[in-house]
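Below is one structure, written out as structure tokens; the observations come after it.
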Amino acid sequence: MELSKNYIPNEVEAQWYEHWMQKGYFKSTPDEREPYTIVIPPPNVTGVLHMGHCLNNSIQDILIRRARSQGKNACWVPGTDHASIATEAKVVAMLRERGITKSSLSRDEFLSYAWEWKEKYGGIILQQLKKLGCSLDWDRTSFTMDPDYYQSVIKVFIDLHQKGLIYRGKRMINWDVRAKTALSDEEVIYKEVQSKLYYVRYQLADAEGNPMPISAENGITIATVRPETILGDSAICVNPTDERYKHLHGKFAFVPLINRRIPIIADDYVALDFGTGALKVTPAHDMNDYQLGQKYQLEIIDTMNDDGTLSDAAQLFIGEDRMDVRKKIIPQLEAAGHLVKIEEYTNQVGFSERTDAVVEPRLSLQWWVSMQKIAEPALASVMEEEINFHPAKFKNLYRHWMENIKDWCISRQLWWGHRIPAYYAPDGSFAVAASLEEALEILKTNQPSLTIADIKQDEDCLDTWFSSWLWPFEVFKGLSYPGNKEVSYYYPTNTLVTAPEIIFFWVARMIMAGFEYKNQLPFRDVYFTGIVRDKQGRKMSKSLGNSPDLLGLIDQYGADAVRFGIMIASPAGNDILFDESALEQGRNFNNKLWNALKLIKGWESRVAVGQEANKDLTKATSNFSINWFDHRLKQVRAEVEEMMQQFRLSEALKTIYSLIWDDFCSWYLEWVKPGFEQPVDGEVYHQTVAYFESLMEILHPFMPFITEEIFHLLQEQSEDLCIKQASAIQPYDTSILSAGELLKKVISALRDARNKNQVKPKDTIRLFIQTPNQSSYKAIENILKKQVNAETISYTDTSIAQSIVVAVEQDKFYLETNVVLDETALKAELLKDLEHQQRFLETVQKKLSNERFVQNAKQEVVDLEKKKMADAEARIRTIQESLQHLSV
RNA sequence: GGGAGCAUAGCUCAGCUGGUUUAGAGCAUCUGCCUUACAAGCAGAGGGUCCGCGGUUCGAACCCGUGUGCUCCCACCA
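Take the first sequence: its position 748, counted from the start at 1, is 893 in this note's numbering, and no numbers get skipped.
Encoded structure:
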């Protein structure tokens, strides 16, 4: 069979994915094996695959494929999140393009459009994961609004309400004026913004309680960045110790333009040194002002509608957007003599995570979850390391948040999502129940005359995270069918792979839900990925246009190369700077593997047995190489095993990469490779194929497609690599490994000497070795000969004149060539080396002459220093001898 | 304002229990090679004030203190 010049991933990848699917390798059902379970962090149903998903899912696939090869029952559950606010925003935008406004639709009409959208686009991201090679059990695909899942969310709401952990309350919340919904604190992103600080003078009241004519003496000046909220002011507050305002305590001022009379109060909340030291208090539109309002029983004047326009209560600018009013009110204030000055000011402003609208603090009636109690076991499980975070630094962050946890606002004024199961009677009383009928029964106990027609369900939906916190058990229907076989087997899951950004949104809450509803942690390990950034370290975003087209990259480089590129430099918790050159490296690696395959396939027809095989390579040479690589493989297997257990995935991949490229291709294959069209020793051939298979097995979790392809091209296989069970970890012999290392070192040193003396690659040398252990070189003579292009190798007791001298450890090597040596250059080189060695020797001698070192240091350390000294002395002698031989 | 983390080659990062030939890898750079697996390659090489300062120790990239600079999280003064 003719193999192509380069590896071409596209067709190969699609074919293997199809094959694995047909064979059902990714399917999992409970059995007697130990389970290994991962639930995917469900991407938004409207999402498309981006770099973050690529990293996240590559990691999960690596873990799952590895578990599968280790005899575990690997189960990776796919699915999507309904993402209420994000999806609703997309559907609204889609409808707008078709000329339909949300407000013109009924709830049911809107929802049918939304479902239509979901059916059409909802699966895209899952299809894209297949291209990446993700071995998910597709039969288990879940959605947070599946009927059973929906019912479980409602069940949890009712249960928490019955336990007194869910309540309805009027509070100051973050209001998204674009989506017209409440947001939780976590959904608000604070950004630094260049604002203006307006100084506005309010008139004071005279003895009769009427406004005095406006002037500096008859006024009190406040500073604000939101002058439009002036219309909702209920008081002015100063610090009680502030001498400037002591005479005004208990007096009154007037709201500019509308002349509403408001009291001047004193509270030490107000800072003396900010602005003018006088604060306008607007209880309906500021978190802190609300607190003050409560404390002093101030009037709450809500001057804003749900869309951010001013309400009737504002008296002026009714129906105009608050941002427009901010601009328009200034000239009016100025005209009336209220404006004192305007300063440039930098402050933090909250924006909606989903719609990017400026968030307005607003007083409203919402549903809340009381968090303190359910947070306790969740905090303990992480602190006591029942659940392990990787990297562990995120424990601190988690603890801080959990110890200061606030109640969770779970109602959203949206239609797409789980509708709050609260039902209201006309008098405002309500019941929380699974259905209208059940709610009616409850309400009837107090109001017997009520009928179905009288009661109405809450219009609002639940926060998306109120459903996704059930994900780890509800994908196994752990709440809809408690105690079922699946959830008993798969739960708790093993590893969660997610971004630290959602540690509070999701990770913490899943842990809480796990303890509250399963009495058990949801997963044992949490692997936090970093954020994928561009080369310059910027976050990837649509507006910067620095977000690469992932499917395009997979087309161009192949999925294996993309996985390699993203994994090679991404330790847990570190941001990764994405650079296409890493993908090139991945593609080159594919190609390297492909070429090694071509070499070995070329030997297939030239396998020789018996004497014929011994003509070119001696048995000893083959044995040395085979033996060395055998132990090297065992060593790396053990190292990789340990790294994987510690979730050091990047390092594991680097180790495997170097094992394949350097040890296998550059050293081993070069050592055993027969000459052009020469026969290959049978044992060498069979061992090499076996080694290559082992390498594919170790690499497979990282690069599943090419490894499977090569595995099958190497020889006829009875099974697929995808489900092949990994070889056991075995002990390895370090003396063989160090013999290999010495050989490599000698070869490199000799090649370097050739290079430095301008000996052309084609020019042969005659090599003389001066060593006390001739026998150790006998086995590797042929390797050495080939690797340094020596025509002869002989042993000597004395130095060889007119040769290049190289010292490795305590052995000396003399290279005799037909090339005329440049003795001046040679001498300079030797002198430079001599100086270096002497300096090194000094540091070692200094160390060894320090009595306290010899007394205190461990014996091995002292022995090592002694060996360093002996080696350095030997090298210095060699150099000095060589210098004597020179004629310059 | 509170907290956490980071600083090692041009770039990205390892360096785990303080000692492993005067600090390692990949990428990039330079030199020489189209050597019948591979130029998407091969063989080599150069490149470091381990952020500064002070301390502990026989010994510090690693431990302690301090300064500087970056990053992130939380809270937020209108």
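Yeah, the Cβ is synthetic: ideal placement off N, Cα and C, and Gly gets one too.
query: From F668 to V652, what distance separates their C-alpha atoms?
result: Position 523 of the first sequence holds residue 668. Position 507 of the first sequence holds residue 652. Between F668 and V652, the C-alpha separation is close to 10 angstroms.
Run through the region 537-601 for me and flag every whole alpha helix (DSSP H) of 4 or more residues, listed as ranges in chain order.
-> 539-548 and 581-589
### Task
Ignoring anything shorter than 4 residues or poking outside the region 935-1007, list the alpha helix (DSSP H) runs there in chain order.
Whole alpha helix (DSSP H) segments, 4+ residues: 968-994 and 996-1001.
* **Segments of 3+ residues assigned as beta strand (DSSP E) that fall wholly inside the region 854-917** => 910-915
task: Kindly indicate which residue of S872, H535, A570 and S515 has the alpha-carbon position closest to the one of K551.
output: Residue 551 sits at position 406 when you count from the first residue of the first sequence. Closest by C-alpha distance to K551, out of S872, H535, A570 and S515, is S515.
Margin query: By alpha-carbon positions, which one of T969, Y702 and A714 ends up nearest to F734?
Written below: Along the first sequence, read from residue 1 onward, the residue named residue 734 stands at position 589. Comparing Cα positions, the closest option is Y702.
**Q.** Assigned secondary structure, Y162 (DSSP; H/G/I helix, E/B strand, else coil)
**A.** In the first sequence, residue 162 corresponds to position 17, counting from 1. Y162: helix per DSSP, three-state reduction.
Can you tell me whether DSSP reads F462 as helix, strand or coil? Translated into the one-based positions of the first sequence, residue 462 becomes position 317. Three-state DSSP puts F462 in coil, outside helix and strand.
By the 10 Å Cβ neighbour count, where 16 or more other Cβ atoms means buried, how is K684 classified, buried or exposed? Translated into positions along the first sequence, residue 684 becomes position 539. That one is exposed.
Point to revise | Y344 versus A480, D469 and I365, residue with shortest Cα-Cα distance | key: To locate residue 344, count along the first sequence from 1; it is residue 199. The shortest C-alpha separation from Y344 is found at I365.
Requested in this report: Consult DSSP for D826 and reduce its assignment to one of helix, strand or coil.
Outcome: The residue given as residue 826 occupies position 681 in the first sequence. Three-state DSSP puts D826 in a strand.
Can you grab the Cα-Cα spacing for the pair I318 / I555, in whole Å? Position 173 of the first sequence, counted from the first residue, corresponds to residue 318. Position 410 of the first sequence, counted from the first residue, corresponds to residue 555. Each residue's Cα considered, the two are about 11 angstroms apart.
Subject >> Start and end residues, beta strand (DSSP E) containing N492 >> reply: Indexing the first sequence from 1 puts residue 492 at position 347. Its beta strand (DSSP E) spans residues L484 to S497.
Beta strand (DSSP E) segment containing W221, residue limits: Walking along the first sequence from the start, residue 221 turns up at place 76. N218 to V222 is the span of the beta strand (DSSP E), which, as asked, contains W221.
Q.
Please state whether the Cβ-Cβ distance between P356 and N404 is less than 8 angstroms.
A. Locating residue 356 in the first sequence gives position 211, counting from the first residue. Locating residue 404 in the first sequence gives position 259, counting from the first residue. The answer is yes: Cβ separation under 8 angstroms.
**Prompt:** Do you know how far the Cα of Q955 is from the Cα of K1016?
**Reply:** On the first sequence, position 871 is the one that residue 1016 refers to. On the first sequence, position 810 is the one that residue 955 refers to. The amino acid at residue 1016 is misidentified as Lys; the sequence shows Asp. Straight-line Cα distance between these residues: approximately 6 angstroms.
**Asked** Can the beta-carbon of G623 be found less than 8 angstroms from the beta-carbon of Y634?
**Response** What you label residue 623 is simply residue 478 of the first sequence in a count that begins at 1. What you label residue 634 is simply residue 489 of the first sequence in a count that begins at 1. Contact flag unset, no.
- [ ] Out of R678, N902 and K799, point me to the one whose CA is closest to V785's CA.
- [x] Along the first sequence, read from residue 1 onward, the residue named residue 785 stands at position 640. Between V785 and the set R678, N902 and K799, the nearest pair of CA atoms involves K799.
| F399, enclosing alpha helix (DSSP H) - first and last residue | Position 254 of the first sequence, counted from the first residue, corresponds to residue 399. Counting along the chain, no alpha helix (DSSP H) covers F399; the unbroken beta strand (DSSP E) around it starts and ends at F397 to F399.
Task: Euclidean distance between Cα positions of I359 and L402 - done: Here residue 359 corresponds to residue number 214 of the first sequence, with the count starting at 1. Here residue 402 corresponds to residue number 257 of the first sequence, with the count starting at 1. Rounded to the nearest angstrom, the two C-alpha atoms are 12 angstroms apart.
**Study point:** Where Y626 falls: helix, strand or coil (DSSP)
**Key:** Against the first sequence, residue 626 aligns to sequence position 481. Coil, per DSSP.
Run through DSSP, which three-state label would C606 get? On the first sequence, position 461 is the one that residue 606 refers to. DSSP places C606 in strand when its eight states are reduced to three.
Below 8 angstroms CB to CB, which residues in the same chain sit around L143 once its five sequence neighbours on both sides are set aside? Residue 143 cannot be examined here, being either before or after the span of the chain that is shown, 146 to 1033.
Exercise. Do you know offhand how far L393's Cα is from I409's?
Worked result: Indexing the first sequence from 1 puts residue 393 at position 248. Indexing the first sequence from 1 puts residue 409 at position 264. Note on geometry: alpha-carbon atoms of L393 and I409 lie some 7 angstroms from one another.
Kindly indicate the opening and closing residues of the alpha helix (DSSP H) around A706. By one-based count along the first sequence, residue 706 stands at place 561. Here the alpha helix (DSSP H) through A706 covers A704 to M712.
| field | Three-way DSSP call (helix, strand, coil) for S379 in this model | value | Within the first sequence, residue 379 is the residue found at index 234, counting from 1. Coil, per DSSP.
Specify the secondary structure class of R669 as computed by DSSP and reduced to three states. Here residue 669 is taken as the residue at index 524 of the first sequence, counted from 1. Three-state result, R669: strand.
Give the single residue among G885, F792, E787 and V752 whose Cα lies nearest to the Cα of V829.
Taking the first residue of the first sequence as position 1, residue 829 is located at position 684. Looking at the Cα atoms, V752 is the closest of the given residues.
#### Entry: R211 to W221 span [Cα, whole Å]
Numbered from its first residue, the first sequence carries residue 211 at position 66. Numbered from its first residue, the first sequence carries residue 221 at position 76. Taking the straight line joining both Cα atoms gives about 12 angstroms.
Do you know offhand how far N740's Cα is from V671's?
-> For the purposes of this step, residue 740 is taken as the residue at position 595 of the first sequence. For the purposes of this step, residue 671 is taken as the residue at position 526 of the first sequence. Going from the Cα of N740 to the Cα of V671 covers about 38 angstroms.
**Q.** Helix, strand or coil at E619 according to DSSP, with G and I counted as helix
**A.** In the first sequence, counting from the first residue as 1, residue 619 sits at position 474. Helix, per DSSP.
Classify H430: buried if its beta carbon has 16 or more other beta carbons within 10 angstroms, exposed otherwise. Counting from 1 along the first sequence, the entry for residue 430 is found at position 285. So H430 ends up on the buried side.
Handout entry: Closest by C-alpha distance to I647, when choosing among G197, N918 and I721
Key = In the first sequence, residue 647 corresponds to position 502, counting from 1. Minimum Cα distance to I647 is reached at G197.
| task | Could you spell out where the alpha helix (DSSP H) holding A728 opens and where it closes? | result | Taking the first sequence and counting its residues from 1, one reaches residue 728 at position 583. In the sequence as presented, Ala is not what sits at residue 728; that position holds Leu. The continuous alpha helix (DSSP H) containing L728 extends over residues E725 to W748.
Quick one: Cα of R654 to Cα of Y295, how far?
Within the first sequence, numbered from 1, the residue matching residue 654 stands at position 509. Within the first sequence, numbered from 1, the residue matching residue 295 stands at position 150. Spanning the two alpha carbons is a distance of roughly 18 angstroms.
May I ask you to report which of helix, strand or coil DSSP gives Y170?
Position 25 of the first sequence, counted from the start, is the residue given in the question as residue 170. Y170 falls in the coil class under three-state DSSP.
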